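Engineer: Residue numbers (our numbering), protein chains in the order written: chain A, 2 to 299; chain B, 470 to 784. A single structure is presented below for examination.
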């Protein structure tokens, strides 16, 4: 089966700065993946590349098995919701809907109408609240019945209520259409709620990639008294160490149970895990996604 | 895409048609006194421009009375630029400024198709509006054309096929400028500069050479000759065929005055001649076809570049 999205050594340079570099990843069809990372991590660049709005500076990428620039027809099967939902502001809701209907070969009026019940068709897009505009944009990308749904910071500017409503609509639509979904966001709590996979980007590189469940399963927090660290049985890699006073807190990747009774072992939250992987001292290491820094093993 | 184009540009079309309507009202209003004076002063009697007695005077009076109006109409030569400034330049620049290209270009319609259909439809509307404007001006200028001809730029540039051609050219330049510069104001400025530059270059360097100019040698005192042609140059030469410089001509006139001789007669008597180089009035439609063809081709080429670029260099 062709993956929904695959990138190989993908890089995009903006003037002299690399927005994305050495990005290699595969998102299988049907997955719901959170693309997370701090600002300027390259999330938007990756999505814009996938939507054919940017051309790669190096490397290559395939969307539903095709190059979105060489074969723009693939975009009919891709629902791209750009950050800020930039719909034509002078259009009314019904005009915006008509626009999407007429510019796409496949169109499901029913699903769109269902999602837009709450909005008056004669309201101008420019006067809608951010939440309503984002919902409208979501309805319009779902109307395409996309095989791949790309959402760029859909929660930006939404209040918690609108955010919840958006997620509700998104999950209903996804349940109906069952596309592959990639959500770029820095709101990690929401990602945890809806995504089954996660890709962590920072400074233009993939730092961590995997299933949420297995990532949570393979990482632990170890608490213990401060001491020099040697090798710990069951620990594959120390992701982050922190000390406060005489207390030492380690976030580790484990390859077996940690039985040393001097450590208190706790489960880790996704947010904490992701933050650990993009902590400043972590980013300085040359190739974090591959290498296990030797000096940490004692 | 026709629906999309109509939804997004009907306001511009409405403004264009309103401008045309206002122009039509002004044209009809001013044409009435002109037509009245034209027939009242029996100007048709002086046609074709001839040496009939009194015609000089009649034509001069008519031109004195209405010449300034014709000058205003000459100013309509700027109208085609508006298509580039207000329709072409914002077409893509506004998409970039508002970020809406990110939605518009990720639909099933490819952005090449998007730009092609929009450009084609807008070009069509531009041709219709500019064509009607041209027809209106031709109707209004009829009396002037009869007396002064329409080969000279003051009439040539606002009549016939070149008006829609200029407008479509301006539109194409605007679209490409918007794509390259991505800012509406910058694109508008660039469009204006390029439009004026190309128009002036063609007018000064190309149009006089579309066909070999004709020459005629007349007495220095001859008047009224070639009034309906486009006179490119009018050179005074001495009996030996050498060009007479302005100081030398002034000196001759001074001599004539000192000798109490009519300067015209004096200059004639020296054997001096005027060599008039001109494009004859009969070549009007040929020149219109050539110049309109040139600008339509430029517009096509520029649009082709824009369509190629919009696909090659993504946002």
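No residue lacks a Cβ here, since even glycine has one placed at the ideal position from N, Cα and C. All of these numbers come straight from a predicted model, not from anything done at the bench.
Tell me where the beta strand (DSSP E) around residue 685 (chain B) begins and ends.
Structural biologist: 683-687
Engineer: Can you name the residues of chain D whose CB is closer than 7 angstroms to the CB of residue 574 (chain B)?
Structural biologist: Given the protein chain composition of this structure (A and B), no chain D is represented.
Engineer: Buried or exposed: where does residue 617 (chain B) fall if 16 or more other Cβ atoms within 10 Å of its Cβ makes it buried?
Structural biologist: buried
Engineer: I need the straight-line Cα distance from residue 476 (chain B) to residue 215 (chain A), nearest angstrom please.
Structural biologist: 51 angstroms
Engineer: Report the residue from A:144, A:171, A:209 whose alpha carbon sits nearest the alpha carbon of residue 194 (chain A).
Structural biologist: A:171
Engineer: Tell me the residue span of the beta strand (DSSP E) that contains residue 14 (chain A).
Structural biologist: 6-15
Engineer: Once you ignore the five residues that flank residue 141 (chain A) on each side, which residues in its own chain have a CB closer than 6 angstroms to its CB?
Structural biologist: 101
Engineer: Examine the Cβ distances between the stretch 118-138 of chain A and the stretch 76-87 of chain A and report whether three or more of them are shorter than 8 angstroms.
Structural biologist: yes
Engineer: Mapping the DSSP letters down to three states, classify residue 89 (chain A) as helix, strand or coil.
Structural biologist: coil
Engineer: Which residues in the same chain as residue 600 (chain B) place their Cβ atom closer than 6 angstroms to its Cβ, once the five residues preceding and following it in sequence are excluded?
Structural biologist: 633
Engineer: At a Cβ threshold of 8 angstroms, is residue 169 (chain A) touching chain B?
Structural biologist: Chain B, which has no Cβ nearer than 8 angstroms to the Cβ of residue 169 (chain A), makes this no.
Engineer: Measuring CB to CB, does residue 620 (chain B) end up less than 8 angstroms from residue 728 (chain B)?
Structural biologist: No, the Cβ-Cβ distance between residue 620 (chain B) and residue 728 (chain B) is not below 8 angstroms.
Engineer: The stretch 569-600 of chain B: which residues have C-beta closer than 9 angstroms to a C-beta of chain A, in chain order?
Structural biologist: 569, 570, 571, 572, 573, 574, 575, 576, 577, 578, 579, 580, 581, 582, 583
Engineer: According to a CB-to-CB cut-off of less than 8 angstroms, which residues of the stretch 92-108 of chain A neighbour chain B?
Structural biologist: 92, 96, 99, 100, 101, 103, 104, 105, 106, 107
Engineer: Taking residue 88 (chain A) as the query, report the chain B residues whose CB atoms sit under 9 angstroms from its CB, ordered along the chain.
Structural biologist: 569, 572
Engineer: Judging by CA-CA distance, which residue of B:613, B:493, B:721 is the nearest neighbour of residue 539 (chain B)?
Structural biologist: B:613
Engineer: Assuming the contact rule is C-beta atoms closer than 8 angstroms, residue 603 (chain B) and residue 628 (chain B) should be a hit. Round their C-beta distance to whole Å, please.
Structural biologist: Right, their Cβ atoms sit about 6 angstroms apart.
Engineer: Among B:777, B:711, B:545, B:550, whose alpha-carbon lies nearest the alpha-carbon of residue 662 (chain B)?
Structural biologist: Cα-wise, what sits closest to residue 662 (chain B) is B:550.
Engineer: Listing by chain order, which chain B residues have their CB less than 8 angstroms from the CB of residue 85 (chain A)?
Structural biologist: 568
Engineer: Please look up how many angstroms separate the CB atoms of residue 203 (chain A) and residue 284 (chain A), rounded, as I've assumed it's under 8 angstroms.
Structural biologist: 6 angstroms
Engineer: Classify residue 105 (chain A): buried if its beta carbon has 16 or more other beta carbons within 10 angstroms, exposed otherwise.
Structural biologist: buried
Engineer: Does residue 73 (chain A) have its Cβ less than 8 angstroms from a Cβ in chain B?
Structural biologist: yes
Engineer: Residue 265 (chain A) touches chain B at which residues, Cβ-Cβ below 7 angstroms?
Structural biologist: None at all; the shortest Cβ gap to chain B is about 49 angstroms.
Engineer: Pick helix, strand or coil for residue 300 (chain A), following the three-state DSSP scheme.
Structural biologist: Given that chain A is displayed from residue 2 to residue 299, the structure contains no residue 300 (chain A) and the question cannot be resolved.
Engineer: For residue 733 (chain B) and residue 689 (chain B), I'd like the C-alpha separation in whole angstroms.
Structural biologist: 7 angstroms
Engineer: In whole angstroms, give me the CA-to-CA distance for residue 583 (chain B) and residue 775 (chain B).
Structural biologist: 12 angstroms
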